[in-house]
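If you count the sequence shown from 1, position 158 lands on 400 in the working numbering, and the numbers rise without skipping. All C-beta atoms, glycine included, are put in the ideal place defined by N, C-alpha and C.
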Amino acid sequence: MALLEVDDLSVVFTRKGEQPVVAVDGVSFDVDPGQTVGLVGESGCGKSVTALAIMGLLPRRGVRVSGSVRFDGTELLGLPAAAMRDRRGRDLGMVFQDPLSSLNPVVPIGLQITEVLERHRRTPRKKAMVQAGDLLTRVGIPDPRRRLDEYPHQLSGGMRQRALIAMALACRPKLLLADEPTTALDVTIQAQILALLAELVRAGDTDLGDTDLGDTALVMITHDLGVVAGLCDEVNVLYGGRVVERGPRHPLFAAPHHPYTVGLLASVPRLDGPRGQRLSPIRGSVSDNIPWTSGCAFAPRCPNVLGACTSVTPEMEFGPDERLLRCHNPVPAPQEVRA
Numbered sequence: 243m244a245l246l247e248v249d250d251l252s253v254v255f256t257r258k259g260e261q262p263v264v265a266v267d268g269v270s271f272d273v274d275p276g277q278t279v280g281l282v283g284e285s286g287c288g289k290s291v292t293a294l295a296i297m298g299l300l301p302r303r304g305v306r307v308s309g310s311v312r313f314d315g316t317e318l319l320g321l322p323a324a325a326m327r328d329r330r331g332r333d334l335g336m337v338f339q340d341p342l343s344s345l346n347p348v349v350p351i352g353l354q355i356t357e358v359l360e361r362h363r364r365t366p367r368k369k370a371m372v373q374a375g376d377l378l379t380r381v382g383i384p385d386p387r388r389r390l391d392e393y394p395h396q397l398s399g400g401m402r403q404r405a406l407i408a409m410a411l412a413c414r415p416k417l418l419l420a421d422e423p424t425t426a427l428d429v430t431i432q433a434q435i436l437a438l439l440a441e442l443v444r445a446g447d448t449d450l451g452d453t454d455l456g457d458t459a460l461v462m463i464t465h466d467l468g469v470v471a472g473l474c475d476e477v478n479v480l481y482g483g484r485v486v487e488r489g490p491r492h493p494l495f496a497a498p499h500h501p502y503t504v505g506l507l508a509s510v511p512r513l514d515g516p517r518g519q520r521l522s523p524i525r526g527s528v529s530d531n532i533p534w535t536s537g538c539a540f541a542p543r544c545p546n547v548l549g550a551c552t553s554v555t556p557e558m559e560f561g562p563d564e565r566l567l568r569c570h571n572p573v574p575a576p577q578e579v580r581a
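In structure tokens form, the structure reads like this:
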């Protein structure tokens with residue numbers, strides 16, 4: 243049985259006197275124990291809202307959430323607030339997108355980490371502080387004993403992100419959601435953060451305690467396919483609140499079939515490309531779309547658009563290479579890939 247089962251998840255934001263905004267529109271995916279699954283797409287495609295819905299962190303007013311989110315056999319949608327608080331931090335961990343706004347600016351880093359240990363593991367404060375120092379050491383923060391007494395504004399962006407990861411992993415959750423964990427970080431720190439997540443989540447490392455982390459699963463949320471290239475087992479490409487392509491990492495990178503996936507890959511600089519080669523950005527913006535009920539939301543920006551794309555809603559079906567695809571006119575696989 244999958245550790246996380248998301249089935250037909252929809253999130254609609256409502257405001258009096260205005261049209262409802264559908265942020266997530268029937269998203270479905272599974273995450274197995276020890277698996278790393280990527281949610282990829284431009285800003286506004288529904289990635290972060292999906293994660294917040296899974297964690298039960300969306301506001302209750304002005305938001306309609308439907309579908310099913312089952313974690314370890316338990317339905318999370320509709321779970322009482324107290325029961326959900328018991329799950330968060332203990333079984334479900336999350337690394338938020340902006341560490342500066344996610345951390346409490348008036349509470350030292352050490353107390354923010356020990357709060358998780360005291361709340362979920364009933365660890366005494368003195369022992370929890372020792373464990374917090376060990377966690378900061380494990381995530382690569384220098385001089386951890388001094389950092390425990392410092393406030394978020396006294397840390398660099400990379401150290402704040404590492405502190406968030408330490409908090410998320412403090413109770414060794416079964417599932418970790420990382421929402422754009424490398425945003426606004428320079429390339430070297432970005433590489434270190436990705437290597438750290440891969441090591442801590444997937445390597446079964448026991449340096450954080452006596453519990454094996456090998457069964458921990460990771461959901462990586464990013465707008466950059468290059469970030470998940472060496473990390474994810476399976477990739478879900480989202481557009482307009484729906485999954486438009488899903489497949490294992492290597493086949494998807496070798497031969498993307500949805501024009502949107504092709505566009506995302508083409509917009510990433512390649513070291514093996516010729517000097518002076520111009521990038522090929524996706525034309526238009528995320529706001530240039532049509533409702534999924536009227537056709538394909540990507541049609542106004544798609545180079546492969548057909549007449550059916552603006553009148554018939556594409557369904558999620560098996561495409562070439564037995565990959566799930568939502569497209570009327572997919573990009574054909576290269577001859578060498580088919581062979």
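Listed in chain order, the beta strand (DSSP E) runs fully inside the region 318-373 are 334-337, counting runs of at least 3 residues. For the region 477-513, the full-length beta strand (DSSP E) segments reaching 3 residues or more read 484-490 along the chain.
The beta carbon of Q432 is closer than 8 Å to those of T424, V469 in its chain, skipping five residues each way along the sequence.
Take M326, set aside five residues on each side of it, and the residues of its chain with a beta-carbon closer than 6 Å to its own are G298, in chain order.
The region 523-531 makes no contact with the region 487-496: fewer than 3 CB pairs, one atom from each, lie closer than 8 Å. Around the Cβ of E422, a 10 Å sphere holds 16 or more other Cβ atoms; the residue is buried. For L359, the closest C-alpha among the options G335, V381, V573, T256 is that of G335. Taken in chain order, the unbroken stretches of alpha helix (DSSP H) that lie wholly in the region 277-306 and span 4 residues or more are 289-297.
For L439 and D333, the gap between their C-alpha atoms comes out near 17 Å. Rounded to whole angstroms, the gap between the alpha carbons of L418 and D340 is 16 Å. In the structure shown, the three-state DSSP call for M462 is strand.
A410: member of the alpha helix (DSSP H) spanning 399-411, first to last residue. The straight-line gap separating the alpha-carbon atoms of M371 and T430 is approximately 29 Å. For the pair I355 and A420, the CB atoms are not nearer than the 7 Å cut-off.
Secondary structure at L439: helix, using DSSP grouped into helix, strand and coil. For L417, there is no enclosing alpha helix (DSSP H); the residue is found in the beta strand (DSSP E) stretching over 417-421. In this structure V510 is exposed. Its beta-carbon is surrounded by fewer than 16 other beta-carbon atoms within 10 angstroms. Across the set V573, R520, V253, T535, the C-alpha of V573 shows the shortest separation from the C-alpha of C544. With three or more CB-CB distances shorter than 8 Å, the region 304-323 counts as touching the region 254-270. A check of alpha carbon separations from H395 across D250, P347, R414, D530 identifies P347 as the nearest. DSSP places V254 in the strand class (E or B) of the three-state scheme.
Straight-line spacing of the CA atoms in V254 and V248 works out to 16 Å. Short of 8 Å from the beta carbon of A293, and not among the five residues preceding or following it, lie these beta carbons of its own chain, in chain order: L281, M336, L419, D421, V461, I463. Three or more beta-carbon pairs separated by less than 8 Å link the region 273-280 to the region 468-482, which places the two stretches in contact.
Assigned with DSSP and collapsed to three states, E557 falls in coil, not helix or strand. Collapsing the DSSP output to three states places L566 in a strand. By the 16-neighbour rule on beta-carbons within 10 angstroms, A437 is exposed. DSSP places G268 in the uninterrupted beta strand (DSSP E) bounded by 263-273.
Its chain contains P498, V573 as the residues whose beta carbon lies nearer than 7 Å to that of V504, once the 5 sequence neighbours on both sides are disregarded; these appear in chain order. For G331, the closest alpha carbon among the candidates E357, L345, T316 is that of E357. Here the alpha carbons of R389 and R568 stand approximately 48 Å from one another. D328 and D514 have their C-alpha atoms spaced approximately 48 Å apart.
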